[in-house]
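Data block below; observations after.
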Amino acid sequence: MLMRLFTFLLLLLAAQAQAQAQVVRWPLMRVPEASEPVRLQSLAIRGAVSGSMAETTVRMVFFNPNLRQLEGTLEFPLAEGQQLTGFSLDIDGALRPAVPVEKKRGREILEAEERRGIDPGLLEQTAGNQFRLRVYPIPAGGSRTVELRYVETLKREQGRLAWLLPLSYGAPPQDTRLELDLSGVREEPALIGASGLLNFERYAGGYRARLARPLKAADGAVKLLLDADLAQRVYVQEFGGARYFMAELPVGTQRVARPLPKVVGLLWDSSGSAASHPREAQLQALDRYFKALGRAEVRLIRLRDRAEAPQVFRIAEGNWEMLRKALSTTVYDGASALGDWKPQADVGEYLLFSDGLNNYGSQRFPALAANQRLYALAPQLGADTARLAALAERSGGQLTAIDPQRPEAAAEALLSDGPQLRAMGASGAGELLADVAGARDGLLRVAGKLSAATARVELTVLEQGKPRAIAFDIDAATPSGSLAAWWWASRKLQELDGEHELRRGAIRRLGAEFGIPSRETSLIVLERLEDYVRHEVLPPEPMRAAYDKLKMVRGQQLAQKRQKQLDSVVRAFERKVAWWEKSYPKDMPLPVKPRPPVVLQDGMYERSESPQAMRLPTPAPAAPPPPSYLAPGGVASNFASADTRMVTVTGSSISRDAEVESRQNGGASIALKKWQADAPYIQRMKAAAPDRMYAVYLDERPSYLNSSAFFLDAAGILFDKGQRELALRVLSNLAEMELENRQVLRVLGYRLMQAGAPELAVPVFEQVQLLGEEEPQSFRDLGLALADCGRWQRAVDQLYEVVLRPWDGRFPEIELIALAEMNEALAKAQAKGVKVDVSQIDSRLLKNLPLDLRVVLTWDADNSDMDLWVTDPNGERSFYGHRLTYQGGMMSPDMTGGYGPEEFSLRHAKPGVYRVEANFYGHRQQIVAGATTLQLKFSTGFGTAAAKDQMVTLRLAGQGSTVLVGEFEVKPKK
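Under the working numbering, the sequence shown has 259 at position 21, and the numbering climbs by one with no breaks.
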């Protein structure tokens, strides 16, 4: 068997955002279907506090006791105020630091290296403040070492700084070491939880801490309260040729009550991801807020894949029982579309309870009126704090993270105003940034870039309604600090993240400059110098000189690659045109040779023969230039000409013209075999009354939260029963399952297309393209969705991109499939009177090739091979090893490396039944994969005005699985 995936959700810093009563432990590695789990063999933690900031390094050694090598994935959230600053991976016995790389490029490199069996490591931000680290391989009977580094700003609690340590484990390793340097701490820290765990040692600059006993599973979360001196501090740091400063400025913490509105809008995140929010703490915070409000009107809007209509509740004398009951019975289901609602002019302020994830739809968050505020209240762990803070602060509101142990603090933030920054300026410095939210804890942080040897910074802070001036100077005597540049960069990223869609380029440049993982940059470790050169990734500093020399040798080989790609596609297209123009016999052929046997050796996927070369006629002469009646750059279209023979779905009405008389059959119909899984929840849903079906789904949902099959099946049943809106909601859960998993998102997009919702599919495929630009399917899928929406120009541009780019060899002739779809889209646009600019398209590729029958197979699994089989009325099967049939049916080359598409094309179909089957041939995955989801698109009259399409989704589990998907029936000509 091939290597299988272990997926271990390492909630790396969860303890730092959870109190003792709600501990999130670091689970051990889970290896589905493996004999023994991969285990954490040793752990070493080093931490240092300086002022109000802490820097932590966590080194982990993972041991694989299994007899196969594995691929590892660590997924973990960070709390508000925490920022990853780097990671290292062991290569040849030594830790090698990661270097920044553009995010989509990082994924491309990782997967290319994995296919070559090379050791890569990739750390990336997924959504919000959540991260993923992928490591390959962890050898059988061996170990890998990973080191993570992060920085955080500490918050005040009970007048002291609170530091939650990452020590919460289900089964901590025996080899655990901890070293803490508490600089500037005046008194021995108070240890909350895990009694007797640490020894504190006094030294001149503060305290040091070490483990006094082994870590136990029962220790839970461990918090230190530090009596640090919070005096004004200013630091300077040189980084990348620039000088940065950061200042910590004590401010008053007293708050003043603010005027409260008479009408409140309550935006309640009811998506599937919101089910894990600290519900009781949210309700406690609202209880204090409404009691202070007294009498008011509340308009509740639940946000999911689509916003629900507002519900109105009256609050009298602080009594909000009806609203509380409504919130307590909220159903959490569907994806997150935060922008799918409209503000109402008479609402005084909006309260947004959300994690800030926005993974569905294309709507932007609506702008509020000048007299309206937005207050965002988020869970402490994993929320998109950058987005939420930007949304709140631009209206004069603020973001508050709800502490499950202190919900009253969130209520206080809603009911009163703390210190506010009113003005900030400097001489000798620029690009000033401030942490306004941090001022609520009594410490205002300010940073900027120095433009002169000396500088003066002046601020005005409003405390209890009164302005106070604060100023400080920076000169040669200002001490240096190692976190000044990082804090400025981190704050700048947060500012840019608030408008991520508009500022992607700036985010990418900043992340690359400072080596910080962001929405647009990742951190990568490669094994060999040649790998850095081949992928054009700047290596760590010790490897730079050798890298420059090797890069010069390789650089000259890349210049002509794109032109060669285009020339190759033109030659292949000429061969396809020659096939299309040739007449093939429609009588019975001689007996065909039997299919050669399939061989699986040692569990490894292997073909027993190479695909048979397709014997095609000699290419026709080069196509003439477009006819004169077309505009310059127009496309030659035979969309409704006499050369196109219409094949129609039986029973449909089509116009009769000259070409009807010349066709060789009497039309075709599509019959799809209804595919249904046999899971137990399916029978329950089918047996339920229509008004109880969704309730049954909700009852089963907690058992299948990580199963895309469950949501696909449940949505399919709801579609079949006519409950379209609920079906779309259930289907949208795929966007919430595994953040930034393009395979799952592809399935979601395909199913939305099948459901006739291409406008919903377009933003899904746009996200897939951002995640997997190295794969041609990302452009093809988006192009097809855009075409279904009638957005012809973008559709053609996306499909032509498939033609232009040089792709990995595992996607043979996908360019020809995209070309057929591009020319069909152009013909449809022209028939509708829409002009599409094709001036950038090579005119040799502009020719529509209509077909009687067409089938396209795609699937969701990388490094896997599904086969399309089509058996015609002669009994002749077209498949990868027999690509050209006697009557002219043509199968595209075998896609053995994942995703497809595989395409069957037949220009002139003889009457009879055509059986379409799908076969799971094999895979080369390093993961434990469940059933593979397949999509098949059946088309009659492809490229003509009478084209009809039908789609079907199904799953195959296990090599050798074969299923009859559907049939074409071509009628004899009358």
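A virtual CB, placed ideally from N, CA and C, is assigned to each residue, including glycine. Computed from a predicted structure; not experimentally measured.
Let me know if residue i comes out buried or exposed under the rule of 16 or more other beta-carbons within 10 Å of its beta-carbon.
i     : result
E974  : buried
V1216 : Coverage of the chain is limited to positions 239 through 1212, which leaves residue 1216 absent and any answer about it impossible.
G1204 : buried
R1193 : buried
G960  : exposed
Q1078 : exposed
G324  : buried
R853  : With a pLDDT of only 37 at R853, under the threshold of 50, the placement of this residue in the model should not be trusted; the figure read from the coordinates follows. When all chains shown are included, R853 counts as exposed.
R354  : exposed
Q702  : exposed
L305  : exposed
Q396  : exposed
T567  : exposed
K730  : buried
Using CA coordinates, which residue listed in the options is at the minimum distance from residue i?
i     : options                       : result
F183  : K1211, P1139 and V684         : Nothing about residue 183 can be read from this structure; the chain reaches only from 239 to 1212.
K1070 : V1151, S1102, E1155 and T1182 : T1182
N944  : A952, V934, E976 and Y932     : E976
G666  : I712, R678 and D622           : I712
L371  : A1063, G380, P377 and L361    : L361
A332  : R813, S381 and T638           : S381
D769  : G359, G319, M1189 and V296    : G359
R387  : Q363, T294 and G954           : T294
R792  : V771, G1119 and P777          : V771
E318  : L327, L392, P377 and P375     : L392
P1111 : K824, D929, R1018 and N1157   : K824
Y1038 : A1023, I640, F1017 and R1048  : F1017
Q636  : P645, A616, R644 and A564     : A616
R1145 : L322, F948, L399 and L1122    : L1122
E812  : A400, L403, Y527 and L1057    : L1057
S514  : A621, G490, P427 and R440     : A621
For the beta strand (DSSP E) holding residue i, just list the boundary residues, first then last.
i    : result
T623 : Note, T623: premise wrong, no beta strand (DSSP E); alpha helix (DSSP H) at T623 to E631.
Q321 : Q320 to I329
P315 : L308 to P315
Y473 : R471 to F477
F438 : L436 to Y441
E696 : A693 to E701
Y613 : R611 to P617
I712 : K704 to I712
Whose C-beta lies closer than 7 Å to the C-beta of residue i among residues of the same chain, with five residues either side of it excluded?
i     : result
G572  : S509, G510, R542, D543, R967, S970 and N971
Q522  : P645
E1114 : P827, V830, T1123 and Y1124
M1060 : V1034, L1037 and Y1038
R334  : S326, L327, V763 and P778
A649  : A523, R526 and Y527
D467  : G422 and R424
In the DSSP assignment, what are the bridge partners of residue i?
i     : result
F1117 : H1120
F300  : L278 and R382
Q961  : In the DSSP output, where bridge partners are listed per residue, Q961 has none listed.
Can you list, in chain order, the residues of its chain with a C-beta nearer than 6 Å to that of residue i? Leave out the 5 residues immediately preceding and following it.
i     : result
R742  : E758
A255  : Any reading at A255 needs caution, since the residue's pLDDT is 37, under 50, leaving its predicted position unreliable; the model's value is listed next. Once the five neighbours on either side are set aside, the close Cβ partners of A255 are A317, Q618 and L619.
D525  : none
E737  : none
A545  : I539, D578 and W579
P1014 : V1040, W1045, F1049 and I1052
Might you give, ordered along the chain, the residues of its own chain that have their beta carbon closer than 8 Å to the beta carbon of residue i, omitting 5 neighbours on each side?
i     : result
L606  : P581, Y588, L612 and S633
V585  : P499, V501, V502, G503, R537 and Q610
A1156 : L1095, M1104, D1105, L1106, W1107, L1172, L1174, L1192, L1194, T1200, V1201 and V1203
P1001 : Y598, G599 and S600
A691  : G666, D713 and A714
What span of residues does the alpha helix (DSSP H) with residue i cover, start to end?
i     : result
A1183 : A1183 -> no alpha helix (DSSP H), and no H or E assigned at all.
L748  : R742 to F752
R562  : E559 to S566
P488  : Where P488 is concerned, there is no enclosing alpha helix (DSSP H), although the beta strand (DSSP E) it sits in stretches over A480 to P488.
P826  : Residue identity check: residue 826 is Met in the sequence provided, not Pro. From DSSP, M826 is part of no alpha helix (DSSP H); its letter is neither H nor E.
When you measure from the CB of residue i to every non-hydrogen atom of the ligand SAM, does any distance come out below 7 Å?
i     : result
I1055 : As for the ligand SAM, it is missing from this structure, which has no ligand bound.
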